[in-house]
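Participant:
There are 2 protein chains.
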Amino acid sequence: MVTDSAEQSRADATRARLLDAAVTAFAERGFHGTTTRDIAAAAGLSPAALYVHHKSKEELLYLISRSGHEHVLRLVREAAASSADPATALRRVVHDFVVTHARDHTTTRVVNYELAALSPVHLAEIREIRHHIEQAIRQLVEAGVTAGVFETPDPRMAAAALLSLGVDVGRWYRDGGDLVPEYIAARYAEMALRIVGAR
Amino acid sequence: MVTDSAEQSRADATRARLLDAAVTAFAERGFHGTTTRDIAAAAGLSPAALYVHHKSKEELLYLISRSGHEHVLRLVREAAASSADPATALRRVVHDFVVTHARDHTTTRVVNYELAALSPVHLAEIREIRHHIEQAIRQLVEAGVTAGVFETPDPRMAAAALLSLGVDVGRWYRDGGDLVPEYIAARYAEMALRIVGAR
DNA sequence: GCAGTTACTAAGCGCTTGCTTAGGATGTGT
DNA sequence: ACACATCCTAAGCAAGCGCTTAGTAACTGC
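Encoded structure:
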């Protein structure tokens, strides 16, 4: 082997192109509505090339799902820790969460709506990441209630609602409309503070 | 013909059994992840029987989607008209919307997440019903703002958020958990009033 | 008791699916 | 110049797909 540095080989670039093509196809037609020939053709390769770079069609979904979930978990944790004030932190969490679900709606659609197509082992791993994401948001709401700056009858329900707002943006958001991700995120962050009864 | 009354023939019962089986299968594995053999077997019939009672697999999805959307539209319109006070009406809309999306989560999952598998003609018809549902909720929010009982910087965004809350319940709700549909609906209705800034 | 209707199935057709096999083209080190 | 590694493809296999065809069993009306 010549390069053990981090530089990108041709194979790595092709692998990434296949992943990109898979994201687009899975988002548009779903995992089961997409054929391996669709993905290979969109990446400009023969059907067999997919199996040179990846083990199976399911592995593509797993790789997309895992990196997508890890990205969101990192984002939520960083935003939650960005301020000692729960209201400021929550505003940032919802803002960033919503921006990601709008801007990367293609990826987040796959991440949130194609879980059932994962193998049992992969699904279990992904579910754990999802649990951490939910936990981070719930803990932030609870911290605000404890600190006396939030007021809500059921923090768990409020956290579920906040998650729903962000996740569902990935479903309805379209590129090229008159609503830009930053604007949606700003309005949603305000609504989030109302939901938790911030004062 | 002997019976032209409304009484249910054997064929009607079988047709309904096939629809039921299709709802369950589509909700669990998605339209493309479900085979016509799956549906027929779940209804206790041979694969060919499906085509005695329905034109195609896509027609099953269309029938499920249409009746599901019509049900929700009726529910939203009735709840919106149930009170002259926008706050009371909105509470009722969100409550009923959420109860339906929890209790009938199997159907609402198909209704909200399998649209892409519809034929172009059927999709156009369904989109129109969806538009009416969104319109009914947006108009209610705007009526509240006009009446001075709601306060929000962007009624359209608030309406989108309300819709998201309900729709997403269909994604995460599970039977047999400690959260019963009525409880979720009550908490969500309170949060809805906060979102629109009711006073 | 038999003609007609209703409700269904056995068998299978043509095609597509995920994936494999065997090999070829292009570049690289010496 | 030549051995070798890298990256990709042509061809195709077994299984599964949506859907059709041709027919049978069971009931109904007379």
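As they're listed, the protein sequences go chains B and A.
For the first sequence, my numbering assigns the number 214 to the initial residue and increments by one for each residue that follows.
For the second sequence, my numbering assigns the number 214 to the initial residue and increments by one for each residue that follows.
A virtual CB, placed ideally from N, CA and C, is assigned to each residue, including glycine.
1. K270 (chain A) lies in the alpha helix (DSSP H); which residues open and close that run?
2. Would you say V378 (chain A) lies against chain B (beta-carbon separation less than 8 Å)?
3. Does chain A have any CB closer than 8 Å to the CB of P333 (chain B)?
4. Under 8 Å, with one C-beta from each stretch per pair, do the segment 294-303 of chain B and the segment 379-394 of chain B reach the 3-pair mark?
5. Would you say D381 (chain B) faces chain A, with C-beta separation under 8 Å as the test?
6. Can you give me, in chain order, the residues of the segment 352-373 of chain A that have a beta carbon less than 9 Å from any beta carbon in chain B?
7. Spatial neighbours of A229 (chain B) within its chain, please: CB distance less than 7 Å, with the 5 preceding and 5 following residues excluded, ordered by chain position.
8. Where does R400 (chain B) land, buried or exposed, given buried means 16+ other C-beta within 10 angstroms?
9. What does a CB cutoff of less than 6 Å around R412 (chain A) pick up in its chain, not counting 5 residues either side in sequence?
10. Looking at the structure shown, is V393 (chain B) part of a helix, part of a strand, or coil, going by DSSP?
11. Can you find at least 3 beta carbon pairs, one from the segment 335-351 of chain A and one from the segment 270-288 of chain A, that sit closer than 8 Å?
12. Could you name the residues of chain A that Y326 (chain B) contacts, counting a contact when the two beta carbons are closer than 7 Å?
13. Is the beta carbon of R351 (chain B) closer than 8 Å to that of P368 (chain B)?
14. Chain B partners of R340 (chain A), CB-CB under 8 Å?
15. Helix, strand or coil for S296 (chain A)? Go by DSSP, reduced to three states.
16. Would you say H245 (chain A) lies against chain B (beta-carbon separation less than 8 Å)?
17. Since A360 (chain A) and P299 (chain A) are thought to touch, with beta carbons under 8 Å apart, how far apart are those beta carbons, to the nearest angstrom?
18. In terms of residues, what are the limits of the alpha helix (DSSP H) holding T248 (chain B)?
19. In three-state terms, what does DSSP make of E364 (chain B)?
20. Check the Cβ-Cβ distances between V389 (chain A) and every residue of chain B, and say whether any is below 8 Å.
21. Just checking: is the beta-carbon of A411 (chain B) within a distance shorter than 8 Å of some beta-carbon in chain A?
22. Counting only beta-carbon separations shorter than 8 Å, does E403 (chain A) have a partner in chain B?
23. Is there a Cβ of chain A sitting closer than 8 Å to that of A330 (chain B), yes or no?
24. With DSSP collapsed to three states, give me the class of D388 (chain B).
25. Along chain B, which residues have their Cβ under 9 Å away from the Cβ of R290 (chain A)?
26. Relative to the C-alpha of S222 (chain A), which candidate in A:H266, A:I408, A:T248, A:A234 has its C-alpha closest?
27. Please classify R412 (chain B): does DSSP put it in a helix, a strand, or coil?
28. Mind checking which residues open and close the alpha helix (DSSP H) that includes P260 (chain A)?
Facilitator: Based on what the coordinates show:
1. 270-293
2. The identity of residue 378 (chain A) in the sequence shown is Leu, whereas the question assumes Val. So yes, L378 (chain A) belongs to the interface.
3. no
4. no
5. yes
6. T365, P366, D367, R369, M370, A371, A373
7. none
8. buried
9. none
10. coil
11. yes
12. Y326
13. yes
14. Here the premise fails: no neighbours, minimum Cβ distance about 12 Å.
15. coil
16. yes
17. 6 Å
18. Segment: none, T248 (chain B) is in no alpha helix (DSSP H) and carries neither H nor E.
19. coil
20. This sequence places Gly at residue 389 (chain A); Val is not what is there. Not an interface residue.
21. no
22. yes
23. yes
24. coil
25. Under the 9 Å cutoff, chain B gives no residues; its nearest Cβ is about 21 Å from R290 (chain A).
26. A:H266
27. coil
28. Segment: none, P260 (chain A) is in no alpha helix (DSSP H) and carries neither H nor E.
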